[in-house]
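Read the structure below first, then the notes.
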Amino acid sequence: MILFKLAWRNNWRHRWRSALTIAAIVFGLSITLWGFCITDGSHEQLIRNSVESFTGHLQLHRRGYQDDPGLRKYLAQDSLVERALEGRRPEVADWGSRIATFGLASVGETSFSAFLVGIEPEREEKFIHWREKITEGEYLAPGDIEGAMIGADLAENLGVGLGDTVIVVTQDYYGSLAGALRVVRGVFRSYAPELDRSGLLLSLQSMQKFLGMEGKVSTVVVMASSGEKVGPLREKLAAELAEREIEVIPWQEIMPDLVQAVELDNIFGVVTNAVLLLVIGFMVLNTFLMGVMERIREFGLMRSLGASPGRVVGLIALEALLLVGLGFVIANLIGLGAAWYNSVHPLDFSGMGEEVYKYYGMDPRIYARIDWSTIFYPNLFVVVVIVLALVFPAWRAAGITPAEAAARRQ
Amino acid sequence: MTILKLKRISACPLLLAAALVYTPRLQARSPADTSLAARIAEHADTLMRGSSNYGTYRMSIIRPDWTRSMTMHSWERGQSMFYLEVIEPAREAGTAYLKREGQMWTWLPEIGRTVKIPPSMMMDSWMGSDFTNDDLVHESSLSKDYDHRLLARDSLDGEDAAAVELVPKEDAPVVWDRIVFWVRMSDFMPLKEEFYDEKGRLVRSMFFKDIKRLDGRLIPTRWLLTPQLKTDQRTEFEVLEINFDVAIPDRTFTRQYLERSR
Numbered sequence: 072m073i074l075f076k077l078a079w080r081n082n083w084r085h086r087w088r089s090a091l092t093i094a095a096i097v098f099g100l101s102i103t104l105w106g107f108c109i110t111d112g113s114h115e116q117l118i119r120n121s122v123e124s125f126t127g128h129l130q131l132h133r134r135g136y137q138d139d140p141g142l143r144k145y146l147a148q149d150s151l152v153e154r155a156l157e158g159r160r161p162e163v164a165d166w167g168s169r170i171a172t173f174g175l176a177s178v179g180e181t182s183f184s185a186f187l188v189g190i191e192p193e194r195e196e197k198f199i200h201w202r203e204k205i206t207e208g209e210y211l212a213p214g215d216i217e218g219a220m221i222g223a224d225l226a227e228n229l230g231v232g233l234g235d236t237v238i239v240v241t242q243d244y245y246g247s248l249a250g251a252l253r254v255v256r257g258v259f260r261s262y263a264p265e266l267d268r269s270g271l272l273l274s275l276q277s278m279q280k281f282l283g284m285e286g287k288v289s290t291v292v293v294m295a296s297s298g299e300k301v302g303p304l305r306e307k308l309a310a311e312l313a314e315r316e317i318e319v320i321p322w323q324e325i326m327p328d329l330v331q332a333v334e335l336d337n338i339f340g341v342v343t344n345a346v347l348l349l350v351i352g353f354m355v356l357n358t359f360l361m362g363v364m365e366r367i368r369e370f371g372l373m374r375s376l377g378a379s380p381g382r383v384v385g386l387i388a389l390e391a392l393l394l395v396g397l398g399f400v401i402a403n404l405i406g407l408g409a410a411w412y413n414s415v416h417p418l419d420f421s422g423m424g425e426e427v428y429k430y431y432g433m434d435p436r437i438y439a440r441i442d443w444s445t446i447f448y449p450n451l452f453v454v455v456v457i458v459l460a461l462v463f464p465a466w467r468a469a470g471i472t473p474a475e476a477a478a479r480r481q
Numbered sequence: 010m011t012i013l014k015l016k017r018i019s020a021c022p023l024l025l026a027a028a029l030v031y032t033p034r035l036q037a038r039s040p041a042d043t044s045l046a047a048r049i050a051e052h053a054d055t056l057m058r059g060s061s062n063y064g065t066y067r068m069s070i071i072r073p074d075w076t077r078s079m080t081m082h083s084w085e086r087g088q089s090m091f092y093l094e095v096i097e098p099a100r101e102a103g104t105a106y107l108k109r110e111g112q113m114w115t116w117l118p119e120i121g122r123t124v125k126i127p128p129s130m131m132m133d134s135w136m137g138s139d140f141t142n143d144d145l146v147h148e149s150s151l152s153k154d155y156d157h158r159l160l161a162r163d164s165l166d167g168e169d170a171a172a173v174e175l176v177p178k179e180d181a182p183v184v185w186d187r188i189v190f191w192v193r194m195s196d197f198m199p200l201k202e203e204f205y206d207e208k209g210r211l212v213r214s215m216f217f218k219d220i221k222r223l224d225g226r227l228i229p230t231r232w233l234l235t236p237q238l239k240t241d242q243r244t245e246f247e248v249l250e251i252n253f254d255v256a257i258p259d260r261t262f263t264r265q266y267l268e269r270s271r
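Protein chains in written order, with my numbering: chain A, 72 to 481; chain B, 10 to 271.
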């Protein structure tokens with residue numbers, strides 16, 4: 072008990088030094104915590120955006136389609152997949168079938184490469200944000216054979232608007248050249264370049280008729296009830312459907328560049344903050360070391376009165392604990408408090424490069440996300456740094472003898 | 010992915026066969042060989058002699074999971090012009106092809122437009138078959154573009170047959186590295202043709218069957234094209250009827266005719 076009192080008073084004997092040390096820890100750790108929560112939140116938004124704009128959480132294909140797509144690798148529209156997915160509710164939230172291929176879209180003498188996607192409009196609008204991306208006209212009605220929704224940039228390039236006819240030419244299921252006329256029902260802007268510049272959405276039936284693929288689809292897009300459920304759901308579905316030659320691909324494999332972008336961003340964040348915390352670690356080392364070096368006579372006196380080296384080290388350690396502990400508490404309060412605030416009230420960048428955000432398909436308002444791993448690791452890191460900073464001073468203090476102390480003037 | 014350069018077979022089904030049969034100019038081994046190869050060549054040349062023809066054909070595309078058959082008419086003049094129209098099945102009916110001046114156009118009835126087949130599409134499959142657009146478009150000058158020699162005498166399908174090897178001349182605009190052509194000795198009817206790439210690999214084989222007399226000529230009426238790498242698929246051509254040396258109006262081989270309202 073007396074050790075506590077001693078430690079506490081020793082710290083406040085150097086008010087400024089202690090305060091600054093605490094301030095340094097608070098600054099470094101709270102910024103790290105808040106920063107990680109913000110980054111995490113923006114990543115989650117980015118992923119959710121991409122997943123809910125086009126890819127879904129999982130995609131089911133004929134085995135081999137993901138690596139080498141082709142119309143001949145199809146899934147039959149029998150009840151097999153339906154039953155498998157129904158059986159996995161509620162982890163499976165929704166799904167829709169698609170056929171996708173590339174072709175040529177022309178109007179008059181102008182032609183552009185087109186990405187043709189046949190969707191089930193009434194099913195997909197439950198989990199893909201097609202409807203919200205419409206800038207003109209209307210969403211596709213199910214069973215609409217002649218209608219199409221067109222990407223805003225493609226519409227501009229072809230010079231078409233609502234009600235205009237586009238000629239689409241591609242290779243059908245049999246490898247023969249096939250053409251079709253489609254009328255623009257709606258124009259959309261998704262901020263995904265591929266979709267905006269070449270996307271042409273048809274109803275699934277329209278696509279099947281065009282390509283000669285009645286009763287066949289290329290992909291079943293599945294949305295899970297939450298991001299965490301995706302992994303386990305994928306494993307279960309893959310096991311169940313493997314013998315039917317159906318592959319279950321998670322969004323990470325469909326968008327590996329997104330996964331890597333997030334990882335890269337995380338790495339940058341970790342490195343930057345680690346450097347910051349290390350510098351603060353040095354500052355703490357300085358505080359501890361000074362605290363030892365200037366008290367050599369004091370420690371020597373303690374030793375001569377019978378205190379063991381362990382006692383001396385214990386005192387120093389306790390001082391460090393009280394000092395740093397206070398810093399930890401304040402840092403977490405401030406950092407997590409700010410993060411919590413931002414999880415409800417987002418950082419709003421609209422008005423400041425809003426178009427840039429939209430270009431990347433991101434909301435300019437960023438919500439923070441608090442997760443135990445984002446809290447735990449920075450704290451752990453600081454603890455390790457502090458402990459390391461304590462090593463030398465403690466060792467030095469342990470080596471103080473009464474004789475050495477007596478020899479000093481100070 | 011190896012991009013196989015395909016020997017350009019000339020237009021129209023019958024000319025496809027014609028293109029595969031050419032006048033050999035022999036690098037003889039012996040006088041007997043020379044005369045034999047020369048006779049084979051001469052016969053092959055006369056087999057397809059005729060300035061024009063009109064025919065009806067059935068093409069069957071056989072794949073592991075489906076088979077499709079198409080019936081078509083074609084009008085042909087020499088090697089440089091042809092017009093082809095698909096009659097059956099309903100999905101393809103009305104699709105037409107025009108070749109002239111080394112270029113090809115296709116009329117797609119469902120969009121009411123003509124699509125010119127660009128060079129980038131020349132190696133794509135023609136109508137989903139094992140033939141390519143290029144096979145139909147290329148005008149071969151076989152007697153001028155190849156060196157020939159008699160390779161072997163053997164029995165093929167129970168018939169006494171001779172094999173002639175064809176190697177393109179140096180500047181010949183021909184894509185196969187080597188072709189081996191088998192005819193039957195009794196009447197020099199073609200039996201088999203094998204196409205080799207520059208690595209010496211057999212890439213595809215054409216088999217000639219059902220030799221019949223049509224419009225006064227003895228010709229193979231069924232041709233099977235089999236890719237070597239995919240033995241579970243092939244394309245079969247059947248000559249249902251053919252008329253040689255017919256008069257075809259010039260306008261048949263025009264874009265206006267291709268795009269006419271039907």
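For glycine and all other residues, C-beta sits at the position ideal for the given N, C-alpha and C. Keep in mind that this is a model prediction, so the values were computed, not measured.
- Counting along the chain, A/Asp-165 sits inside the beta strand (DSSP E) bounded by residues 163-178.
- Close to chain B, meaning a Cβ-Cβ distance shorter than 9 Å, are the following residues of the region 237-251 of chain A: Ile-238, Val-239, Val-240, Gln-242, Asp-243, Tyr-244, Tyr-245, Gly-246, Ser-247, Leu-248, Ala-249, Gly-250, Ala-251.
- Under the 8 Å Cβ criterion, the region 119-134 of chain A counts as touching the region 323-331 of chain A, having at least three qualifying pairs.
- Contact between the region 157-175 of chain B and the region 261-271 of chain B is absent: fewer than 3 CB-CB pairs across the two stretches fall below 8 Å.
- A/Val-333 is not a Cβ neighbour of A/Leu-129, given a cutoff of 8 Å.
- Boundaries of the alpha helix (DSSP H) harbouring A/Ala-460: 443-469, taken from the DSSP string.
- One finds nothing in chain A with a Cβ atom closer than 7 Å to the Cβ of B/Thr-263; even the nearest lies about 20 Å away.
- Judged by DSSP in its simplified three-state form, A/His-200 adopts coil rather than helix or strand.
- B/His-82 is positioned such that its CB atom lies closer than 8 Å to that of B/Glu-94.
- Rounded to the nearest angstrom, the Cβ distance from A/Ile-170 to A/Met-278 is 5 Å, consistent with a contact under 8 Å.
- Listed along chain A are Val-240, Leu-248, Ala-249, Gly-250, each with a C-beta nearer than 8 Å to that of B/Leu-117.
- In summary, B/Pro-127 is exposed, with fewer than 16 beta-carbon neighbours lying within 10 Å of its beta-carbon over all protein chains present.
- Taking CB atoms only, B/Gly-103 has no neighbour in chain A less than 8 Å away.
- Among the residues facing chain A, B/Val-124 is included, as its CB has a counterpart in that chain under 8 Å away.
- For A/Arg-86, the secondary structure class from DSSP, reduced to helix, strand or coil, is helix.
- Per DSSP, A/Lys-307 lies in no beta strand (DSSP E) segment; the continuous alpha helix (DSSP H) that holds it begins and ends at 301-312.
- Note on A/Ser-113: 16 or more other CB atoms within 10 angstroms of its CB, so buried under the neighbour-count rule.
- In this chain, the beta strand (DSSP E) harbouring A/Leu-272 covers 270-274.
- Close to chain A, meaning a Cβ-Cβ distance shorter than 7 Å, are the following residues of the region 59-90 of chain B: Arg-77.
- Taken in chain order, the complete beta strand (DSSP E) segments of 3 or more residues contained in the region 77-125 of chain B are 90-97, 105-109, 112-117, 122-125.
- If you compare the alpha carbons of A/Val-97, A/Phe-359, A/Lys-204 with that of A/Ala-391, the shortest gap goes to A/Phe-359.
- Annotation: the continuous alpha helix (DSSP H) that includes A/Phe-359 extends over 327-364.
- Assignment of B/His-52 by DSSP, reduced to helix, strand and coil, places it in the helix class.
- Under DSSP, B/Lys-208 takes part in no beta bridge, so it has no partner.
- Among the CB atoms of chain B, one or more fall inside 8 Å of the CB of A/Gly-283.
- Under the 8 Å Cβ criterion, the region 435-451 of chain A counts as touching the region 403-411 of chain A, having at least three qualifying pairs.
- Against B/Gly-225, chain A offers no close residue; the least beta-carbon distance is about 35 Å (beta-carbon pairs closer than 9 Å).
- Burial check for A/Glu-306: the Cβ neighbour count within 10 Å stays below 16, so the residue is exposed.
- Annotation: A/Asp-224 is outside any beta strand (DSSP E); the continuous alpha helix (DSSP H) that includes it extends over 223-229.
- Taking C-beta atoms as the reference points, A/Asp-267 and A/Ser-261 count as a pair closer than 8 Å.
- By the criterion of a C-beta distance shorter than 7 Å, A/Pro-192 is surrounded in its chain by Tyr-210, Leu-211, Ala-212, Pro-213, Ser-274, once the five residues flanking it on both sides are discounted.
- As DSSP reads the structure, B/Arg-67 sits in a beta bridge with B/Thr-80, B/Glu-247.
- A/Leu-131 has its alpha-carbon roughly 14 Å from the corresponding atom of A/Arg-159.
- With the rule of 3 Cβ pairs closer than 8 Å, the region 282-293 of chain A does not count as touching the region 91-109 of chain A.
- Annotation: the continuous alpha helix (DSSP H) that includes A/Pro-473 extends over 473-478.
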